[in-house]
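A.B. asks: Counting from 1 along the sequence shown, just add 31 to a position and that's the residue number in our numbering. Using N, Cα and C, we set each Cβ at its ideal position, and we do this for glycine too. Handing you a structure now.
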Amino acid sequence: MNSRRTAILDAAARLINQQGFSHTSVDELIVAAGLSGKSHFYHYFKSKDALGYEVLERQFSRFAERGLAILREPMIEPFDRLTLFIDTLVALQRERDGRNGSPFGNLAGELADSHEGFRLRLDQVFDEWSGQLQSLLWELRSQLKENVDAARLSRFIVAALEGGMLMTRVKRDAAVMEGIGEDLKRFIATYLRDGEAWGLASIVRGGEDDDGNGTRSGATRALRG
């Protein structure tokens with residue numbers, strides 16, 4: 032990708048996360064990216080909306096490739112993948128001292144009621160995320176209780192994690208996300224069949240450690256992206 036275009040995307044992602052899309056002006060983006068003027072900006076992006084869409088697409092691509100990839104890791108058992116994924120998001124909030132939240136939740140809170148273009152794209156983001164979780168739950172089907180609605184449970188997991196990141200940002204306290212992460216893992220484990228209570232034990236063990244190969248810490252670095 033063109034280095035100037037990348038600089039604009041980086042500056043836009045930073046400003047949008049700090050102050051929102053609506054409160055980020057093209058003039059601010061020009062200064063932050065070191066551009067010579069508006070014509071320079073419009074050489075790369077036909078509109079501020081087009082830039083915002085590309086920022087969102089790039090953020091989700093990174094999340095999918097480096098974060099959601101945990102859910103597909105073939106060398107880790109499915110339930111352990113899920114707890115590792117949750118632990119990774121918790122660790123990211125801890126490293127950020129409870130700041131910044133989720134770029135997807137932040138944009139949804141700001142724009143879902145006022146900007147149809149962003150609403151549709153964010154809907155796709157959350158559908159893709161919950162779809163990845165649903166695929167993992169399908170792998171777990173032999174260990175789940177009968178009649179578990181995997182699609183509904185997947186949406187709940189996404190909502191709990193996004194809500195946790197939002198509350199953590201408001202409180203500026205990573206302990207909020209830590210507690211929500213542990214409670215979420217315990218809740219998910221209640222869907223396991225009798226005799227699969229190993230899941231609860233792995234939750235209690237797994238909140239503090241890597242898998243021995245640095246998987247969680249590596250994934251956390253990737254999500255910082």
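If you count every other CB in all the chains shown that lies within 10 Å of the CB of residue 134, and 16 or more means buried, which is it?
C.D. replies: The residue is buried, with at least 16 neighbouring Cβ atoms inside 10 Å.
A.B. asks: If you follow the alpha helix (DSSP H) that residue 114 is part of, which residue opens it and which one closes it?
C.D. replies: Unbroken alpha helix (DSSP H) run through residue 114: 109 to 126.
A.B. asks: Can the beta-carbon of residue 161 be found less than 8 Å from the beta-carbon of residue 127?
C.D. replies: For residue 161 and residue 127, no; Cβs fall outside 8 Å.
A.B. asks: Would you decide whether residue 151 is buried or exposed? Buried here means 16 or more other CB atoms lie within 10 Å of its CB.
C.D. replies: By the 10 Å Cβ count, residue 151 comes out exposed.
A.B. asks: Check for me: the alpha helix (DSSP H) holding residue 104 runs from which residue to which?
C.D. replies: Neither: residue 104 is in no alpha helix (DSSP H) and is coded neither H nor E.
A.B. asks: Can you give, in chain order, each stretch of the alpha helix (DSSP H) that sits fully within the segment 137 to 215 and has at least 4 residues?
C.D. replies: As far as the segment 137 to 215 is concerned, its whole alpha helix (DSSP H) runs of at least 4 residues are 147 to 170, 181 to 202.
A.B. asks: CA-CA distance, residue 76 and residue 53?
C.D. replies: One C-alpha to the other measures close to 17 Å.
A.B. asks: Alpha carbon to alpha carbon, how far is residue 36 from residue 181? Give it in angstroms, no decimals.
C.D. replies: The alpha-carbon atoms of residue 181 and residue 36 are separated by roughly 40 Å.
A.B. asks: Taking only the alpha-carbon atoms, compute the straight-line gap between residue 79 and residue 177 and give it to the nearest angstrom.
C.D. replies: Looking at the two C-alpha atoms, the distance is approximately 48 Å.
A.B. asks: Just curious, the alpha helix (DSSP H) that residue 95 is in, first and last residue?
C.D. replies: That residue, residue 95, is in no alpha helix (DSSP H); it is neither H nor E in DSSP.
A.B. asks: What residue range is occupied by the uninterrupted alpha helix (DSSP H) comprising residue 54?
C.D. replies: Looking at the DSSP string, residue 54 is not in any alpha helix (DSSP H), and its letter there is neither H nor E.
A.B. asks: With residue 77 as the anchor, note down where its alpha helix (DSSP H) starts and where it stops.
C.D. replies: It is not in any alpha helix (DSSP H) - residue 77 carries neither H nor E in the DSSP assignment.
A.B. asks: Is DSSP giving residue 66 helix, strand or coil here?
C.D. replies: Looking at residue 66 - three-state DSSP - the assignment turns out to be coil, as it is neither helix nor strand.
A.B. asks: Between residue 215 and residue 72, what straight-line distance do the alpha-carbon atoms span, to the nearest angstrom?
C.D. replies: In a straight line, the C-alpha of residue 215 is about 43 Å away from that of residue 72.
A.B. asks: Quick one: what's got a C-beta closer than 7 Å to residue 131's C-beta in the same chain, skipping five residues either side?
C.D. replies: Hits under 7 Å: 48, 200.
A.B. asks: Round the Cβ separation of residue 175 and residue 168 to the nearest angstrom and send it over; I've been treating them as touching at under 8 Å.
C.D. replies: Right, the Cβ-Cβ distance comes to about 7 Å (below 8 Å), so this counts as a contact.
A.B. asks: Please go through the same chain and pick out, in chain order, the residues whose beta-carbon is closer than 7 Å to the beta-carbon of residue 179, but skip the five residues on each side of it.
C.D. replies: Correct list, in chain order: 222.
A.B. asks: State the beta-bridge partners of residue 223 as determined by DSSP.
C.D. replies: Its beta-bridge partners are 175.
A.B. asks: Quick check: the segment 81 to 98 against the segment 153 to 160, are there 3 or more CB pairs under 8 Å?
C.D. replies: Touching, yes.
A.B. asks: How long is the line joining the alpha carbons of residue 110 and residue 88, rounded to whole angstroms?
C.D. replies: Cα-Cα distance, rounded: 28 Å.
A.B. asks: Do the CB positions of residue 42 and residue 60 come within less than 8 Å of each other?
C.D. replies: Yes, they are a contact pair.
A.B. asks: Please state if the CB of residue 192 and the CB of residue 120 are separated by a distance shorter than 8 Å.
C.D. replies: Yes.
A.B. asks: Could you check the C-alpha separation between residue 189 and residue 83 for me, to the nearest Å?
C.D. replies: Spanning the two alpha carbons is a distance of roughly 23 Å.
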